[in-house]
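Report on the following structure.
In this note's numbering, the protein residues as written are 1 to 949.
Structure representation (structure tokens):
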């Protein structure tokens, strides 16, 4: 997938835009500081580091014969020399060792590999549980398994109103793969189900590195059992460069000041270590960079790779933009968007011209003759129907309302229930400039503090959004349902609605929890005169009862849901900084909306596939990856957990029945649910005419034969395509002139952009959480001097001059207080301090253990050498690994405390910021101090509050 320059929205620093490549200097492959580089360049052509790619013809032939294998490259974010592609047979991933074998491919690229001879395969020792041999997935957890939420935000202002929570917007795609309230963004390192893997060390933090059990053996591998070998390969071709080739990072001078390279190039060091270091021309750099490089030590830049030659260790790039200071929200956010190819530029005038120009826009009269009118009688002169009570249920901060519900009783005690979706395709003409940019963006991107929309805001928030008490064009699915949720009849069609009110999830929840309570009008949003709040209340209760029946039946029929912890934030209106966070609660009001969105998506999938069996855009969810599922089965057997993984329904039943309701049991369920997410694959859009085996159409988590996306066309382009197919099915328009292969390409692009969007959302959450986890300074009084003299090695606070009510922070080194800006922190940031929580151990290694931090849904690795221990010992008790920690005594009168850490141990941890911006670590609390804050932390917090008052 290409990433055109407009996506970057960049301001160049001196390099002409539009250049597709740069000619590298002679000797570009030499490492900076290599004194032999000059002489090497005089000897003619240098020796290649990377192999030349195979020709397209050879690749095509090799794939046909099966001698070559293709797959998406995943690079381990913590051990970037390790890379993997999935095995076509679902077995253990294929291993790619080192940058040379990766052959200039980047994370996410679609590559072709050639298997190495068996004697070069990776050897795994039998005692090493081979979770180290599986690739690291950034966000490979299936979205439809998650609890259907996209983060939206609201800010706190000056007034005394309580903090407003960043709510989670309903996203029906999350529930279909069964993942509820998933917080994958905060995973630190490789997600493993480690039972007894020897730790290889924390590469970037100086932890000791033990001898690697997973080695390459020179002896005859034929004597080894097959399960001890992991197939290994090298990249021979890049089918599609899906990585954006853009990276954020820092500028450095080359080490050898006497080299030819030093006079022409600077070194760009990406923040993501999976991206190579890049030579950038000095002419791209700030003018004073060479003379004042330290001034830019904490400045975040964007660089784009434009070339990477066979004879060069480093890539060649163009410096595109200076973002600002590392660790600040907006520079970091822009860097994330750029790295993942998100187009956050303003919509062009050509695109905006596709929108209605005469505002305020009203529905043309001819549309009423084509559509079923569901408005109240007072809105229509020719209405003989009982009025429909139509309303929306969304986060209180949502502005793009693309789905509404209706419910009214009919004869025999049944109900007419409608799902009404904004008719976005009416405003997006096929083939128009608006259509093309929406297809390219493919999805809205939800960050903690803002949304990057797929469509112009005039469409998202006004013309298409189902705002209350205004006439709107919709596409509807209307059923006659029994109180038990049995479908008696089904109708599809284009409609006109007028929503009578905009309910939040909190409004709907209060109605569900108080079925007989008369809710005061001041607690509810305005309701149109044609309806009453009591009528809306009754409709919500009826929908809730039916949704409970539908949900129960779905799980009886074998559906799976993996609810995991998900963070929501409160933000300050003035600074945009996080004030706090909490685990988002997924309640009955969310489930109500979820059930009817799922019902509509399944109904539309059946309808379009029946009409166009070769051209339906559907969504499939493959079964879990075989090797990782087998590992999980083995793990549960070792731990004595009676889990049934034979089907999605069996797994869901096991999770529901294995654990009790006490605190410890619920924590164990969270850990195991997290582990069960590991083998799950992503759900994918596809064209039905491309897959020959209809068994592959199935949706594993929902356990249904056909599924699609219909309910969110404002923010998903796949839904717009489905709307066009449904319109053709119903005779409203001709079938879109798209061949199955072309539709599959659109589906692939939607898959890529949804994956990128999901990862960006996770990184945004991670960014805000990392900012929240900061060191609270010990107690001290502000000094009138900016640089007071203090004892070394302590944190202190003081007023920032000219900044009312904010703190200047500094670090006392050698008697001088260095202001935080010099260390990469903003003086406007208010410190929230270390965060404490209970955590449960989910993996034990030889020198470290992994925990799930229960209060925040964060996975962190705790290293033994970071704790004040006299010693520690790893052993296996039966098949279960455990670490015995011997703590240093706190004083001479006490003896050393001993603590045993094993899987499912409940411990207490403190999350503390590291020196590097946005980095934080988990520290295990000493036994006997659980539940106690450090007195300095408490005192520092009181002093901060006193000074701010």
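Ideal Cβ positions, reconstructed from N, Cα and C, are used throughout, including at glycine.
Note that the coordinates shown come from a computational prediction; the quantities given were computed from them, not determined experimentally.
In this structure, 101 is the residue among 446, 101, 511, 866 with its C-alpha nearest to the C-alpha of residue 113. Taking residue 466 as the centre and dropping the five residues before and after it, the same chain places the C-beta of 392, 401, 402, 403, 404, 420, 422, 472, 474, 497, 499 closer than 8 Å to its C-beta, in chain order. Here residue 600 is buried, its C-beta having at least 16 other C-beta atoms within 10 Å.
Residue pairing for residue 582: DSSP places it in a beta bridge opposite 568. In this model, residue 258 and residue 859 are separated by some 46 Å (Cα to Cα).
The beta carbon of residue 664 is closer than 8 Å to those of 906 in its chain, skipping five residues each way along the sequence. Straight across, the Cα-Cα distance linking residue 99 with residue 296 is about 29 Å.
In this structure, residue 571 and residue 577 form a Cβ contact; the two beta carbons are roughly 7 Å apart against a cut-off of 8 Å. Within the DSSP secondary-structure output, residue 284 pairs in no beta bridge. Residue 601 carries a helical assignment under DSSP once its states are collapsed to helix, strand and coil.
The criterion of a C-beta distance shorter than 8 Å is satisfied by residue 595 and residue 551. The Cβ-Cβ distance between residue 71 and residue 85 falls below 8 Å.
In the displayed model, residue 849 falls within a strand according to three-state DSSP. In this model, residue 238 and residue 624 are separated by some 26 Å (Cα to Cα). Pairing residue 760 with residue 340 gives a Cβ-Cβ distance under 8 Å. Using a 10 angstroms sphere on the CB of residue 121, the tally of other CB atoms reaches 16 or more, which defines it as buried.
Non-local C-beta neighbours of residue 437 in its own chain, meaning closer than 6 Å and more than five positions away in sequence, comprise 351, ordered along the chain. Closest option to residue 292, judged by alpha-carbon separation, among 891, 252, 274, 268: 252.
The secondary-structure analysis by DSSP pairs residue 71 across a beta bridge with 111.
Under the 8 Å Cβ criterion, the stretch 269-288 counts as touching the stretch 313-327, having at least three qualifying pairs. Residue pairing from DSSP leaves residue 347 without any beta-bridge partner.
In this structure, residue 492 lies away from residue 743, with their beta-carbon atoms at least 8 Å apart. The beta carbon of residue 873 sits closer than 6 Å to the beta carbons of 884 from its chain, once the five residues preceding and following it are set aside; these are given in chain order. Looking only at 75, 88, 80, the smallest Cα-Cα distance to residue 69 is reached by 88. The beta-bridge partner set that DSSP reports for residue 121 is empty.
Only buried fits residue 846, as 16 or more other CB atoms lie within 10 angstroms of its CB. Short of 6 Å from the beta carbon of residue 922, and not among the five residues preceding or following it, lie these beta carbons of its own chain, in chain order: 860, 862, 909, 911.
Rounded to the nearest whole angstrom, the C-alpha separation of residue 660 and residue 564 is 17 Å.
The beta carbons of residue 767 and residue 332 sit closer together than 8 Å. DSSP places residue 321 outside any alpha helix (DSSP H); the residue lies instead in the beta strand (DSSP E), whose first and last residues are 315-325.
In the structure shown, the three-state DSSP call for residue 679 is coil.
At the C-beta level, residue 507 and residue 525 come within 8 Å of one another.
For the set 616, 244, 254, 117, the Cα lying nearest the Cα of residue 735 is the one of 616. Our two residues, residue 312 and residue 93, have alpha carbons roughly 28 Å apart in a direct line. Shown here for residue 773: same chain residues with a beta carbon closer than 8 Å to its own, the five before and five after excluded, namely 832, 834, 835, 911, 912, 913, 920 in chain order.
Burial check for residue 640: the Cβ neighbour count within 10 Å stays below 16, so the residue is exposed.
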